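Here's the structure we're looking at; comments come further down.
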Amino acid sequence: MQLAFSAAEIAAIVQPLSSSGSTGVTVRGIASLGAAQSGDLSFLGNPKYKADVATTKASIVLVPADYAGEPAGDQQFLRVEKPSVALARLCGRIEQLLWPKPVAGIHPTAVIASGARVAASATIGPFCVIEEGAEIGERTHLQAHVFIGRNARIGTDGWLMPRVTVTTECVVQDRVRLHPGVVVGSDGFGYEFVQGRHEKVPQVGNVLIENDVEIGSNTTIDRARFSRTVIGEGTKIDNLVQIGHNVIIGRHCLVCAQVGISGSATLEDYVVLGGQAGVAGHLTIGKGSKADGQTGVNSDLEPGSFVKGSPCLPYNLEQRINVLRKKLPDLFKRMDAVEGALEDLKKSSAL
Amino acid sequence: MQLAFSAAEIAAIVQPLSSSGSTGVTVRGIASLGAAQSGDLSFLGNPKYKADVATTKASIVLVPADYAGEPAGDQQFLRVEKPSVALARLCGRIEQLLWPKPVAGIHPTAVIASGARVAASATIGPFCVIEEGAEIGERTHLQAHVFIGRNARIGTDGWLMPRVTVTTECVVQDRVRLHPGVVVGSDGFGYEFVQGRHEKVPQVGNVLIENDVEIGSNTTIDRARFSRTVIGEGTKIDNLVQIGHNVIIGRHCLVCAQVGISGSATLEDYVVLGGQAGVAGHLTIGKGSKADGQTGVNSDLEPGSFVKGSPCLPYNLEQRINVLRKKLPDLFKRMDAVEGALEDLKKSSAL
Amino acid sequence: MQLAFSAAEIAAIVQPLSSSGSTGVTVRGIASLGAAQSGDLSFLGNPKYKADVATTKASIVLVPADYAGEPAGDQQFLRVEKPSVALARLCGRIEQLLWPKPVAGIHPTAVIASGARVAASATIGPFCVIEEGAEIGERTHLQAHVFIGRNARIGTDGWLMPRVTVTTECVVQDRVRLHPGVVVGSDGFGYEFVQGRHEKVPQVGNVLIENDVEIGSNTTIDRARFSRTVIGEGTKIDNLVQIGHNVIIGRHCLVCAQVGISGSATLEDYVVLGGQAGVAGHLTIGKGSKADGQTGVNSDLEPGSFVKGSPCLPYNLEQRINVLRKKLPDLFKRMDAVEGALEDLKKSSAL
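Sequence order for the protein chains is X, U and Y. Counting with this note's numbering, you get residues 1 to 351 for the letters of the first sequence. Counting with this note's numbering, you get residues 352 to 702 for the letters of the second sequence. Counting with this note's numbering, you get residues 703 to 1053 for the letters of the third sequence.
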């Protein structure tokens, strides 16, 4: 990191109850107590790491008010009410420095159709393309190489990072973050098999991304065959996720990296899908359900389900089976033994 | 959707046998009978949903000629021979409106090497880069931010969507659609382990994409180590698929989202791979074979195979095992019981 | 391929001990003996394919010095000490022709902030964006549509292919190859659940990519929550891989396509992960460990482990279980039989 903070700047941000030790340090990074080097800031967030404070190489350590030890000669301890809250405050400040509010305006290299509407407070970065009829809302930031197709609408306070693509007629509501390479509105995978060839079924619906959604890098979301594909308010989607056509995702779901959701599946609110999980088409995943990583969901799930495995089973059953599975070699031996013993018994009773 | 159709425009497209009800409606979307709202068009495609026609909120409903009911006051019913055919005709018309034929020509921002050949009827959008020796065929559309490497050849009537990359010497034949973010011709993953380091094996082959192929968003296709990687005529590939170097995919295959095909594997014609399936390297998947989602194919498959599981088994066997697997806890208990009973028998016979 | 080599050019590159046959051939491709057509060069790299030399259609064949046969009328045989070494030399030459060293300089369309530092010997291609404070090292090539965020640093001799994105403050060391669409430094997937909503946890660390790393197309690497995500020296990562925040990957690892590594996992040196494998968060994978394709790693692995399955087991145990698994239908039948026999025995002994 090229960012650096003096001890005084750190103190101004975290506002410690008291401090002790060197005030001449400069902080260039944040690290856990064990991993920290000179020049790092660290923190005692969890009491179980208390012993690590005495040995950490961090230059500044955020400690609770009641922490008893004293810093080494080149260290500073800042006593704060809650180290994790102080750390969050510092991270929030770094975030502002890393990504300062961009200046409103349109970069001279951007190509914007005459009939597109860009809000005056929006920022359109270099090499963005905005097609005819598209709308960009107030304070929204298109960073660079962003493509907005015809009649697409992007709401207010959005952040579309480099080379995001939003295709024709798709709708992105307010406060949405799309990470680099996200594709919203590519065609759904729909064909009819006619005389030995796959003929394309037109994909003429769109995608609706509701307020406060965040979508990770290179994730792809297909437009509906007709009607629309929906990502509900507050839902967070990680990197490299595939969302098929006509999928409806509810509010405040978490979809981890590399998950695939097949066409016309419905996720109700508060569903959590672990990394690399897959959901088959046309299913309904009930409210608040969870699937572990690599799970294959191939049937509807009742609200509040917790599943694992491919095809999935209730989590506890799957875990129990996974334990027994390891005993299969032993089980087969036991079966051999039992059969042998029976054979012996039969022979002896036949005698 | 910002597109809208009057009742008269809908009638002109679907050409109903007869109509009844309101003629003043405007249609802005298409939805199933159950999901439709006012302003939507819906359709009775499958007789089992017949009862839903009476309760749908759709403004226009396509019904079969023999449908008996009458529309509500603000609805219109259009009687057609086959509602699904009428719907397809409407979707085809919407498709034309969403993506009108682009005007031929080269956007002034495109960077085209002096030795590249671009057909007069082609459309090259903003910020495209076409390197030396590359060729773009008649009526092909490079939408925006497309990169075509040295000596690559793109055939006629193609559609390369925003930020597609086709690298040096790769060949894309006619009527090919590449969705946003597709990479054709990145290096294969080949290294030799020499003195503790992985030394790169040059990847100097190319990729050939035959006629009528469609490839989904952010899918990656590696160039051959030498010779070429081939995607056969009419094959359709979904989003986020990985195709390794020297893979040969036959004609009219379907490869669903997030599938991974390892280097030098061969898919014969008409193979279907479900989402997130994986194929190990150097295998041959026989003609017309199918693999279910998340399947791990680790051996050659005879033509017409249908497999499931990781590692895969014949579909029916895998399904049977999945049923029995759930009974493992019970099976272990039965084994305990049997062993106990045997012990008892031995004791009693020893008496 | 549009590249072509005359017989004389091939001879100049591979420097044969002797040659026989036609000298008038032109080579446009390389293929295995069985697949080669007229115009291809082939080679006898493995003695087991010796018989194929007599029937190959290749125009030029690299054969060992002691190969006895003679070429057909329109073929040429080049006798070399080691055909595989000769082939590697030819591939190396083709590599140079496919990707000639680019001329140093900045394309006039590139947008480079006034405070960015670009080495004089670097090549910055069309439509690249380099933000304030970023640095590009000597001889590094940014091909086209590349985005380098504020204060990011790219070392010497790098090759960043079309539409690579490296975000704010990330560090890429020397001789690094990033294939098209790679994203370095997108936000980690971190939220806190507060009053029914997922609140974003700032992701203010960065990514460090060490020397000699290669990363495949459309792979995504998240920045650390704080501190940094690290890809160790000489590690090679394939296409469509997901690396979560705060992951530490050691030196000389191989990470195959579509692997997902969850946040805060550590891979020690020389780890190999097969395609589509997943690693859960906060685990340590010991030095030299291997995981087969589609494996789900959900616990720490000792150095030198070799695992398979989801959840993973030692490779040999998993393979043994996979064999037994197929016998489950039979095992259940055996259990039925055993129980039946026991029942009979009990009855007979009760008599």
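By construction, the Cβ of each residue, glycine as well, lies at the ideal position given by its N, Cα and C atoms. For clarity, every value in this text was computed on a predicted model and none was experimentally measured.
Within 10 angstroms of the Cβ of VAL63 of chain X, are there 16 or more other Cβ atoms? Answer buried if so, exposed if not.
With 16 or more other Cβ atoms within 10 Å, it is buried.
Closest Cβ-Cβ distance between GLY275 of chain X and chain U: below 8 angstroms?
No, GLY275 of chain X lies away from the interface with chain U (no Cβ there is under 8 angstroms from its Cβ).
Please state whether DSSP places ALA1039 of chain Y in a helix, a strand or coil.
Note: ALA1039 of chain Y maps to helix in three-state DSSP.
GLY232 of chain X, buried or exposed, once every other Cβ within 10 Å from all chains shown has been counted against 16
That one is buried.
Short check: CB of PHE544 of chain U to CB of ALA959 of chain Y, under 8 angstroms?
No.
Just how far apart, CA to CA, sit GLU1004 of chain Y and SER1050 of chain Y?
In a straight line, the C-alpha of GLU1004 of chain Y is about 54 angstroms away from that of SER1050 of chain Y.
How many Å lie between VAL878 of chain Y and VAL848 of chain Y at the Cα?
C-alpha separation (whole angstroms): 15 angstroms.
For the stretch 795-818 of chain Y, list every residue whose C-beta sits within 8 angstroms of some C-beta in chain U, in sequence order.
Under the 8 angstroms Cβ criterion, the stretch 795-818 of chain Y contributes ILE796, GLU797, LEU800, TRP801, HIS809, THR811.
Straight-line gap, ILE369 of chain X to LYS750 of chain Y (C-alpha atoms, nearest Å)
Past the edges of chain X, shown from 1 to 351, lies residue 369 of chain X, and the structure says nothing about it.
At 8 angstroms on the CB atoms, spell out the chain X contacts of ILE1023 of chain Y, in chain order.
Simply ARG325, LYS326, LEU328, PRO329.
Which bits of chain Y does GLU520 of chain U rub up against, with CB to CB less than 8 angstroms?
Within 8 angstroms Cβ-Cβ: MET703, GLN704, LEU705, LEU800.
With a threshold of 8 angstroms between beta carbons, is GLN258 of chain X in contact with chain Y?
Put simply, the CB of GLN258 of chain X is near chain Y, with a gap under 8 angstroms to one of its CB atoms.
Pick out whichever of Y:GLN1021, Y:ILE963, Y:ALA706, Y:LEU743 has its Cα sitting closest to the Cα of PRO785 of chain Y.
Considering only alpha carbons, the answer is Y:LEU743.
On a CA-only basis, which of Y:SER919, Y:VAL903, Y:GLN1021, Y:VAL974 is nearest LEU87 of chain X? Give me that one, please.
Among Y:SER919, Y:VAL903, Y:GLN1021, Y:VAL974, the Cα nearest to that of LEU87 of chain X is on Y:VAL903.
Give me the Cα-Cα distance between GLY476 of chain U and ALA461 of chain U, rounded to the nearest whole angstrom.
Computed Cα separation, rounded: 7 angstroms.
Would ARG643 of chain Y pass as a contact of GLU339 of chain X if the rule is Cβ separation under 8 angstroms?
What is shown of chain Y runs 703 to 1053, which leaves residue 643 of chain Y out entirely.
I want to verify the contact list: residues of chain U whose CB lies under 7 angstroms from the CB of GLN698 of chain Y, in sequence order.
Outside the modelled stretch of chain Y, which goes from 703 to 1053, sits residue 698 of chain Y, for which no answer is possible.
Can you check the stretch 656-681 of chain U for any alpha helix (DSSP H) of at least 4 residues that lies completely inside it and give the ranges in chain order?
At a cut-off of 4 residues, the continuous stretches assigned as alpha helix (DSSP H) that sit fully inside the stretch 656-681 of chain U are 666-676.
Using three-state DSSP, classify ALA846 of chain Y as helix, strand or coil.
In the three-state reduction of the DSSP assignment, ALA846 of chain Y falls in the coil class.
Along chain X, in chain order, which residues have C-beta atoms closer than 7 angstroms to that of LYS408 of chain U?
Within chain X, no residue comes near LYS408 of chain U; the closest Cβ sits about 13 angstroms away, beyond 7 angstroms.
Output yes or no for whether 8 angstroms exceeds the beta carbon distance between GLN777 of chain Y and GLY629 of chain U.
Cβ atoms of GLN777 of chain Y and GLY629 of chain U: not closer than 8 angstroms.
Which residues in chain U sit within 9 angstroms of LYS938 of chain Y, going by Cβ to Cβ distance?
Here the neighbours are PHE540, TYR542, HIS549, LYS551.
Going by other Cβ atoms of all chains shown within 10 Å of its Cβ, with 16 needed for buried, is VAL674 of chain U buried or exposed?
By the beta-carbon neighbour count (other beta carbons within 10 angstroms, threshold 16), VAL674 of chain U is exposed.
Check the Cβ of GLY484 of chain U against every Cβ in chain Y and list those closer than 7 angstroms, keeping chain order.
Within 7 angstroms Cβ-Cβ: GLN704.
Short CB-CB distance (under 8 angstroms) between ILE732 of chain Y and chain U:
Residue-level contact check: ILE732 of chain Y touches chain U, since one or more beta carbons of chain U fall below 8 angstroms from its beta carbon.
Would a check of beta-carbon distances place GLN242 of chain X closer than 8 angstroms to chain U?
For GLN242 of chain X, at least one C-beta of chain U is nearer than 8 angstroms to its own C-beta.
Can you name the start and end residues of the beta strand (DSSP E) that PRO415 of chain U belongs to?
Where PRO415 of chain U is concerned, the enclosing beta strand (DSSP E) stretches over 411-415.
Neighbour list for VAL622 of chain U in chain Y, Cβ cutoff strictly below 8 angstroms
Under the 8 angstroms cutoff, chain Y gives no residues; its nearest Cβ is about 18 angstroms from VAL622 of chain U.
Tell me whether GLU486 of chain U is buried or exposed, calling it buried when 16 or more other Cβ atoms sit within 10 Å of its Cβ.
GLU486 of chain U should be labelled buried.
Reduced DSSP category for ARG841 of chain Y - H, G, I as helix; E, B as strand; rest coil
In the structure shown, ARG841 of chain Y sits in coil (DSSP, three-state: anything other than H, G, I, E or B).
I need the boundaries of the beta strand (DSSP E) containing ASP222 of chain X, first residue and last residue.
From DSSP, the beta strand (DSSP E) with ASP222 of chain X extends over 220-222.
Quickly, what does DSSP pair TYR542 of chain U with across the bridge? List them, please.
DSSP lists U:LYS551 as the bridge partner or partners of TYR542 of chain U.
Min CB distance LEU208 of chain X to chain U below 8 angstroms
For LEU208 of chain X, the answer is no, since every Cβ of chain U falls outside 8 angstroms of its Cβ.
Closer than 8 angstroms is the cut-off here; do at least three beta carbon pairs connect the stretch 610-617 of chain U with the stretch 246-257 of chain X?
Short answer: they don't touch.
Give me the chain X residues within the contact set of VAL689 of chain U, using Cβ-Cβ distance strictly less than 7 angstroms, ordered along the chain.
Those within 7 angstroms of VAL689 of chain U in chain X are VAL338.
Proximal chain Y residues relative to ARG685 of chain U, where beta-carbon distance stays under 8 angstroms:
For ARG685 of chain U, the neighbours in chain Y by C-beta distance under 8 angstroms run, in chain order, MET1037, GLU1041.
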